[in-house]
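These notes concern the structure reproduced below.
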Amino acid sequence: MTDPGRTLLALDFDGTLAPIVEDPASAYIHPESLAALRRLGPILGTIAIITGRPVDQVRRLGRFEEGDGLEHLVVCGQYGAERWDAATGELTRPSRPEAVSQLAARLPQWMREHDASRIRVEDKGLAIALHTRGVAPGLLDELAPQIEALATEVGLHLEPGRQVIELRASGTDKGQTLRGIIGRVSPGAVIYAGDDLGDLPAFREAIVLREQGMDVTLVCSASEEQDALVALADVVLDGPDDVAAWLGDLADRFAPV
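Now the structure itself:
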């Protein structure tokens with residue numbers, strides 16, 4: 003691999019750095035992953051988190067600002083629509099799409115009409131996520147056609163995940179966001195780690211870069227719920243615990259104590 007100073011390490015958050023839990027508000031980063039990232043931060047060219055979560059949530063749950071080593075971290079939230087740069091403190095966030103406001107207004111009545119009161123609604127500002135983990139597994143699959151029709155009516159894009167469906171404005175995905183970061187930092191090598199369908203565009207973008215000669219490593223945080231990334235990955239790990247161990251090994255290699 004190219005020297006660490008020219009390496010971009012990009013990672014998803016939920017299911018990769020943090021465990022998938024029933025309450026998304028309590029999905030804190032794996033402490034061993036955080037420790038490894040703090041060791042890697044001063045050594046690697048760039049570390050970026052690319053996540054579907056809002057930036058403010060990831061900053062809190064990641065605890066990135068509670069210690070040293072990640073002063074140059076970049077967090078791209080809501081698939082890249084939001085961006086926070088630790089080095090400058092700059093936060094960019096677009097205004098709430100009108101279609102999301104329309105959805106928020108319509109959703110309570112829609113849920114009553116479709117007997118969907120068990121769905122947990124998360125308003126992310128730029129999107130609305132419908133969660134069923136721990137309350138109604140399989141309900142989203144049953145309601146998928148109706149949810150798709152609702153999204154079409156208000157003009158939003160569907161982003162499926164592990165027991166969650168997100169309705170958001172189209173136009174930004176993790177592949178585009180990864181491409182944008184690469185354009186800014188011009189790395190010699192790229193490592194991307196993810197776990198879910200939302201990471202597929204980033205995997206595909208990285209594969210194109212590999213075909214163009216880039217040094218690329220794709221890491222899958224695998225689960226029984228989602229295996230779409232497994233066949234594309236160079237490294238397959240058993241969830242966030244294994245990711246934490248793998249990051250620790252990477253830190254031992256690049257940034258020995």
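So the sequence shown is numbered by the working numbering: it starts at 3 and just counts up by one.
Every residue gets a Cβ at the ideal spot worked out from N, C-alpha and C, and that includes glycine.
All values reported here derive from a predicted model rather than from experimental measurement.
Member of Thr9, Ala191, Leu13 whose CA lies at the smallest distance from the CA of Arg55: Start at 1 with the first residue of the sequence shown, and residue 55 comes out as number 53. Checking every option, the nearest Cα to that of Arg55 belongs to Leu13.
Asp243 by DSSP, collapsed to three states: which one? Position 241 of the sequence shown holds residue 243. Correct three-state label for Asp243: helix.
- Rounded to the nearest angstrom, how far is the Cβ of Gly196 from that of Ser223, given a contact under 8 angstroms? Along the sequence shown, one-based indexing puts residue 196 at 194. Along the sequence shown, one-based indexing puts residue 223 at 221. That pair is a contact at about 7 angstroms.
### Message
Which same chain residues end up closer than 7 angstroms to Val60 when comparing Cβ atoms and leaving out the 5 residues on each side of it in sequence?
### Response
Position 58 of the sequence shown holds residue 60. Here the set comprises Phe15, Ile51, Thr53, Val77, Gly79.
_For a quick check, are the C-beta atoms of Ala230 and Val218 less than 9 angstroms apart?_
In the sequence shown, residue 230 corresponds to position 228, counting from 1. In the sequence shown, residue 218 corresponds to position 216, counting from 1. No; because the gap between Cβ atoms is not below 9 angstroms, this pair is not in contact.
Residue from Asp117, Ala88, Asp125 with nearest C-alpha to Pro99:
Indexing the sequence shown from 1 puts residue 99 at position 97. Closest option to Pro99, Cα to Cα, is Asp125.
Quick one: is Thr310 buried, meaning 16 or more other Cβ sit within 10 Å of its Cβ, or exposed? The structure shown has nothing for residue 310, since the chain only spans 3 to 259.
Do the stretch 185–194 and the stretch 91–106 meet, that is, are 3 or more Cβ pairs less than 8 angstroms apart? no
#### Entry: Tyr30 versus Gly250 - alpha carbon distance
By 1-based counting over the sequence shown, the position of residue 30 is 28. By 1-based counting over the sequence shown, the position of residue 250 is 248. The alpha-carbon atoms of Tyr30 and Gly250 are separated by roughly 18 angstroms.
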